[in-house]
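From first to last, the protein sequence lines stand for chains A and B.
All you need for the working numbering is the position in the first sequence, starting with 1, plus 432.
All you need for the working numbering is the position in the second sequence, starting with 1, plus 541.
Ideal Cβ positions, reconstructed from N, Cα and C, are used throughout, including at glycine.
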Amino acid sequence: MNRPDFLRSSYRLILRMHPEPFRDRFGEEMLWIFEEERRRGKAARLLFDGVLSLLRQHSTVEKAPEPVMAGFGLLDTSLDIAPRRFVEAGITASLILAGFLLLLGKTGTPMAAAACLPGVAHAAPRLLQAPSRIQRFPEAASSSGPRRPDPGQVDNAAASAVRIVRAQELSAAGYCSQQ
Amino acid sequence: MRTESDKTPPLSSATLHILLALAGGDLHGYGIIQEVVRHSDGHYKLGPGTLYDNLKKLMDAGLVADAPKSASPEDDERRFYTLTMAGRSALSVEVDRLQRVVGEARLRLQSFQETRPKPI
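In structure tokens, the structure reads:
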């Protein structure tokens, strides 16, 4: 399966998982917009939008439409979330995203997968570069054992310990006054 | 004095952009997306999921409705959306609110520049 087919199949799957009333009303148009964007080579980012939409549609409690008295007065801009449905939608969306990233990763294009997700786009390159960093700085990679202290620091610590012991001896012998 | 905008919550960015796009004329879904990109100079991009989630809310609230079928044969299968009178008044209330915010911001910036000590 080539990349465009994979993207289209993924988007169809995401649409199929939307609640039926929403899918029946807007599903066909969403797919049409996806196809238009795919022709322009901008379809990958729509997958993320589709997953977000899936999360929103499953987490919003369906309410009977209320009469609008003063036009925009009753427009509810907040989400009414049922906790159980929110968790279900979260798990579903995470599984889809994980599968999507895994599949793209296996086909050798993990950067493309990372580019689809705004949050991951910054983190992924660093993760991907980790092995090359180790190769670039072999001395840093080889120093995996316990770190050896600086000899100067050891001398200072020993001198301090000697001073404390001597002060305790003098104190015990009555040379130091109690403050 | 309390105005109508004091009684209503501000619109979300997506809702405002959709209403603004439809204020220019009836559009289908993809037309709304393109119009939003155009009037925001490419700074705001709506995905279809976000668009239809907001359109559904707007239609349920009576601010947007299905438009009559287009005369153009190539748009025959497409569903068009139109701004209702309630939608137009909602947009007008939001624009008034934003105008007040911008006016207040300008005043504050002006007084900030006046009170700021000049570099020697």
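Bounding residues of the beta strand (DSSP E) (the contiguous stretch that carries Asp607(B)): Under the DSSP assignment, Asp607(B) falls in the beta strand (DSSP E) whose first and last residues are Val605 to Asp607.
Which chain B residues are close to Asp437(A), counting only those with a beta carbon under 9 angstroms from its beta carbon? Chain B residues near Asp437(A): none, gap ~19 angstroms exceeds 9 angstroms.
Between Asp456(A) and chain B, is there a C-beta pair that is closer than 8 angstroms? False, the Cβ-Cβ gap to chain B never drops below 8 angstroms.
For Leu599(B) and Arg657(B), what's the separation of their Cα atoms in angstroms? The straight-line gap from Cα to Cα measures roughly 45 angstroms.
Since Thr591(B) is in the alpha helix (DSSP H), which residue starts that stretch and which ends it? From DSSP, the alpha helix (DSSP H) with Thr591(B) extends over Pro589 to Asp601.
Work out the CA separation of Phe653(B) and Ala525(A) for me, nearest whole Å. So the two alpha carbons sit approximately 47 angstroms from each other.
Taking the alpha carbon of Arg620(B) as the reference point, which residue from Arg448(A), Ala476(A) and Phe458(A) has its own alpha carbon closest? When only C-alpha atoms are compared, the closest one is Phe458(A).
CB contact below 8 angstroms: Gly522(A) versus chain B: Among the residues facing chain B, Gly522(A) is not included, as its CB has no counterpart in that chain under 8 angstroms away.
Quick one: what does DSSP say Val643(B) is sitting in, helix, strand or coil? DSSP places Val643(B) in the helix class (H, G or I) of the three-state scheme.
Listed by chain order, chain A residues near Arg620(B) by CB distance under 7 angstroms: By Cβ distance, chain A contributes Glu461.
Starting from the Cα of Pro550(B), find the closest Cα among Arg579(B), Leu563(B), Leu632(B) and Glu576(B) and give me that residue. Residue Leu632(B) is the option with its Cα nearest to Pro550(B).
For the alpha helix (DSSP H) that Tyr571(B) lies in, which residues bound it at each end? Tyr571(B) -> alpha helix (DSSP H) spans Gly570 to His580.
Thr549(B), DSSP secondary structure in three states: In the structure shown, Thr549(B) sits in coil (DSSP, three-state: anything other than H, G, I, E or B).
Pro589(B) versus chain A: which residues are under 7 angstroms apart at the beta carbon? Per Cβ cutoff of 7 angstroms: Met462, Ile465, Phe466, Leu478 and Asp481.
I want to know whether the stretch 475–494 of chain A touches the stretch 584–597 of chain B - three or more CB-CB distances under 8 angstroms. Counting C-beta pairs closer than 8 angstroms gives three or more between the stretch 475–494 of chain A and the stretch 584–597 of chain B, which meets the contact rule.
Between Ile528(A) and Leu639(B), what straight-line distance do the alpha-carbon atoms span, to the nearest angstrom? In a straight line, the C-alpha of Ile528(A) is about 39 angstroms away from that of Leu639(B).
Which residues bound the alpha helix (DSSP H) around Thr556(B)? Here the alpha helix (DSSP H) through Thr556(B) covers Ser554 to Ala564.
Could you tell me the alpha carbon to alpha carbon distance between Phe466(A) and Ala475(A), rounded to whole angstroms? Going from the Cα of Phe466(A) to the Cα of Ala475(A) covers about 6 angstroms.
Below 9 angstroms on C-beta distance, what does Gly572(B) contact in chain A? In chain A, no part has a C-beta under 9 angstroms from the C-beta of Gly572(B); the shortest such distance is about 10 angstroms.
With a cut-off of 8 angstroms, does the C-beta of Ser554(B) fall near any C-beta of chain A? By this cut-off, Ser554(B) is not an interface position.
Can you give the beta carbon distance from Ala608(B) to Asp582(B), rounded, assuming they're within the 8 angstroms contact cut? With 8 angstroms as the limit, Ala608(B) and Asp582(B) do not qualify as a contact, their Cβ atoms being about 26 angstroms apart.
To the nearest whole angstrom, what separates the beta carbons of Val605(B) and Leu563(B), a pair I think is in contact under 8 angstroms? Cβ atoms of Val605(B) and Leu563(B) come within 8 angstroms of each other, at about 6 angstroms.
With DSSP run on the structure shown, which of helix, strand or coil describes Tyr443(A)? In this structure, Tyr443(A) counts as helix in the three-state DSSP scheme.
Span of the beta strand (DSSP E) holding Tyr662(B)? Any property of residue 662(B) remains undetermined from this structure, which presents chain B solely from 542 to 661.
Which residues in the same chain as Thr556(B) place their Cβ atom closer than 6 angstroms to its Cβ, once the five residues preceding and following it in sequence are excluded? Cβ contact annotation for Thr556(B) (same chain, cutoff 6 angstroms, sequence separation greater than five): Asn595, in chain order.
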